[in-house]
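For reference, the structure discussed in these notes is given below.
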Amino acid sequence: LVHRAQILPHLRPIPNLHFYNTTEEEIKQVIDSMKSKPSAGVDDISSKIIKFCKNELISPLTALINRSFDEGIFPNSLKTAKVYPKYKNGQHTEAANYRPISLISNFSKILERVVLNRLLEHLQQHNLLTSK
1 LVHRAQILPH LRPIPNLHFY NTTEEEIKQV IDSMKSKPSA GVDDISSKII KFCKNELISP
61 LTALINRSFD EGIFPNSLKT AKVYPKYKNG QHTEAANYRP ISLISNFSKI LERVVLNRLL
121 EHLQQHNLLT SK
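Heads up: the sequence shown is residues 1 to 132, going by full-length UniProt numbering.
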């Protein structure tokens, strides 16, 4: 019998990933980095509107995201999307010539960006990213 440490000697334990709370400054940066587009998810709120109203939205968004992290729950209202058929090529009457386009809520995109920030920070901090 071969011990797994002999097969994979270079592996080390991976520290737990912790989603610490966000700040209003981070939410402002995430909103500022969004592209201004007219497209919107099921809530019909575009990134243009979010950018225009960001000063009013930063505090409640920060509270929502922090509550999501504290409770470990992704809000159900942010899990839905509008799905549209996007024509690829060929005959327009063939369903196979279309691909689905899903438009998620821009608020969902903001929460996902904060999660990505935490994940990348964790991977970099613990040298878990490779250059490959």
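Backbone N, C-alpha and C fix where the C-beta goes; we use that ideal spot for every residue, glycine too.
DSSP three-state call for residue i: helix, strand or coil?
i, result
"S77", "helix"
"V30", "helix"
"R12", "coil"
"I45", "coil"
"K51", "helix"
Mind checking which residues open and close the beta strand (DSSP E) that includes residue i?
i, result
"residue 134", "In this structure the chain extends from 1 to 132, so residue 134 is not present and cannot be described."
Based on Cα-Cα distance, which residue from the options lies nearest to residue i?
i, options, result
"S105", "Q125, N127 and K82", "K82"
"E24", "S108, I65 and R99", "I65"
"V114", "I50, S68 and R12", "S68"
"T80", "I101, L61 and A96", "I101"
"E71", "Y20, H126, Q125 and I14", "Y20"
"T62", "I27, A40 and E94", "I27"
"S39", "F107, L119, N117 and I14", "F107"
"D32", "L120, Y87, L57 and E94", "L57"
"I45", "L78, L128 and Q91", "L78"
With 16 as the cutoff for other CB atoms within 10 Å, does residue i come out buried or exposed?
i, result
"T22", "buried"
"T130", "exposed"
"S59", "exposed"
"F52", "exposed"
"F74", "exposed"
"I50", "buried"
If residue i and residue j are in contact, beta carbons under 8 Å, what's the gap, nearest whole angstrom?
i, j, result
"K48", "K37", "7 Å"
"V30", "I110", "5 Å"
"L17", "L116", "Incorrect: roughly 12 Å between the Cβ atoms, too far for contact."
Could you give the residue range of the alpha helix (DSSP H) that holds residue i?
i, result
"L123", "N106 to Q125"
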